[in-house]
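Colleague: In the working numbering, the protein residues as written are 8 to 347.
1) Which ranges does the alpha helix (DSSP H) cover as unbroken runs of at least 4 residues, wholly within the region 250 to 324, from first to last along the chain?
2) Please classify residue 115 as buried or exposed, where buried requires at least 16 other C-beta atoms within 10 Å of its C-beta.
3) Quick one: is residue 317 buried, meaning 16 or more other Cβ sit within 10 Å of its Cβ, or exposed?
4) Under DSSP, the alpha helix (DSSP H) around residue 219 begins and ends at which residues?
5) Identify, in the order they occur along the chain, each residue of the same chain with its Cβ nearer than 7 angstroms to the Cβ of residue 332, setting aside the five sequence neighbours on each side.
6) Buried or exposed for residue 44, going by 16 or more other Cβ atoms inside 10 Å?
7) Would you tell me roughly how many angstroms separate the C-alpha atoms of residue 151 and residue 173, rounded to the nearest one?
8) Decide if residue 287 is buried, meaning its Cβ has at least 16 other Cβ atoms within 10 Å, or exposed.
9) Is residue 99 near residue 142, with beta carbons less than 8 angstroms apart?
10) Bridge partners for residue 103 per DSSP, in chain order?
11) Are there 16 or more other CB atoms within 10 angstroms of the CB of residue 203, so buried, or fewer, so exposed?
12) Between the alpha carbons of residue 342 and residue 102, how many angstroms are there, rounded?
13) DSSP three-state label for residue 147, please.
14) On the premise that residue 280 lies in contact with residue 239, defined as a C-beta separation below 8 angstroms, what is that separation, rounded to the nearest angstrom?
15) Quick test of your reading: residue 122 and residue 285, contact by CB under 8 angstroms. State the CB separation rounded to the nearest angstrom.
16) Leaving aside the five residues before and after residue 213 along the sequence, list all residues of the same chain whose C-beta is less than 6 angstroms from its C-beta, in chain order.
17) Can you give the Cα-Cα distance for residue 244 and residue 251, rounded to whole angstroms?
18) For residue 130, which residues of its own chain have a beta-carbon under 7 angstroms away from its beta-carbon, when the five flanking residues on both sides are left out?
19) Measuring only the C-alpha atoms, how far is residue 166 from residue 65?
20) Assuming residue 266 and residue 222 are in contact, meaning their beta carbons sit under 8 angstroms apart, how far apart are those beta carbons, in whole angstroms?
21) Going residue by residue through the region 161 to 197, where are the continuous alpha helix (DSSP H) segments of at least 4 residues, counting only ones entirely within it?
22) Is the beta carbon of residue 163 closer than 8 angstroms to that of residue 46?
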């Protein structure tokens, strides 16, 4: 499992699963090199320029939080790889959460959202932090009331939805539409795949072979497809030695097999999203690879694919070089002037 990196040598990698209520979109996406298709869009939330523009404002607006100090961008900062680069995130009144903020980059390609997959869509995900007492510390009703009181938002909601009504579903749909435009690709790996054989270093090419080799790192077992994630859940043993471990997916499904299992993250743009793992426990990619090399941390629910890899120090370095070759275009968006 080896690394959770999608090895797009991908000839054999499966395409992401598309949910029945999702479909293609007429929105003029600018899909970066290496991404095979534009994100699917829910049938009840077609993406439009007006909705994306509204969602961008709401994403950066701290007024959606209980005391006006936290926005989506607080923990998912465009200048920090759309994360906050902290082991675990801090929310309202400086309260610390228990998990690292996942990147928004290419989140549109994930089948489910959050580390434990409790949200089936970006729309559902957008609603969660608002009423989480540690994150934004508000309620849906209070947030809607505050946003509706901002006169400058009325024409924007009308442009996006046909009238100026503000409700939590519209807030979430607008934010989700904006997030579906946050895409990254055009990494050295993608350019190599497209025919530029000078795009990868010799070390990265060796690392790619390790990444894809079932007898070596075998990373594609979990990091598959062009987004380098199977959108599924696996127990690596991360944090399971704690007195009260985070049980991850188990808290959603209540199935014993899901104890300590967390969603496979994308491997794109890892250079911008340290620290790593759901608890931010690994500071560098070198440490991540060494974690997998020793076979994770043993526990009763350890994923069956996790095993000692017996990679040499040189092979560890090559694998890190390949992961570095998955760093593509940065998506930098400056905070906009907010409505008043």
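We treat Cβ as the ideally placed atom computed from N, Cα and C, and that holds for glycine.
Modeller: On the basis of the supplied data:
1) Fully enclosed alpha helix (DSSP H) runs of 4 or longer: 257 to 260 and 292 to 300.
2) Residue burial annotation: residue 115 is buried, with at least 16 other C-beta atoms found within 10 angstroms of its C-beta.
3) Exposed.
4) Run containing residue 219: 209 to 219, per the alpha helix (DSSP H) assignment.
5) Taken in chain order, the residues that qualify are 194, 195, 196, 207 and 211.
6) With fewer than 16 other CB atoms across the displayed protein chains lying within 10 angstroms of its CB, residue 44 is exposed.
7) C-alpha separation (whole angstroms): 6 angstroms.
8) Under this definition residue 287 is a buried residue.
9) Yes; because the gap between Cβ atoms is below 8 angstroms, this pair is in contact.
10) Partner(s): 97.
11) Counting C-beta atoms within 10 angstroms of its own C-beta, residue 203 has fewer than 16 neighbours from the protein chains shown and is therefore classed as exposed.
12) The alpha-carbon atoms of residue 342 and residue 102 are separated by roughly 24 angstroms.
13) Three-state DSSP puts residue 147 in a helix.
14) Contact annotation, residue 239 with residue 280: C-beta distance approximately 20 angstroms; criterion of less than 8 angstroms not satisfied.
15) Sure, about 5 angstroms apart at Cβ, within 8 angstroms.
16) Excluding residues up to 5 positions away in sequence, 325 lie with their Cβ nearer than 6 angstroms to the Cβ of residue 213 in the same chain.
17) Annotation: residue 244 to residue 251 spans about 13 angstroms, alpha carbon to alpha carbon.
18) Only 49, 52, 179, 180 and 183 meet the Cβ criterion.
19) Between the alpha carbons of residue 166 and residue 65 lies a gap of roughly 15 angstroms.
20) About 29 angstroms separates the two Cβ atoms, so there is no contact after all.
21) Correct list: 161 to 168 and 175 to 186.
22) In this structure, residue 46 sits away from residue 163, with a CB-CB distance that is not shorter than 8 angstroms.
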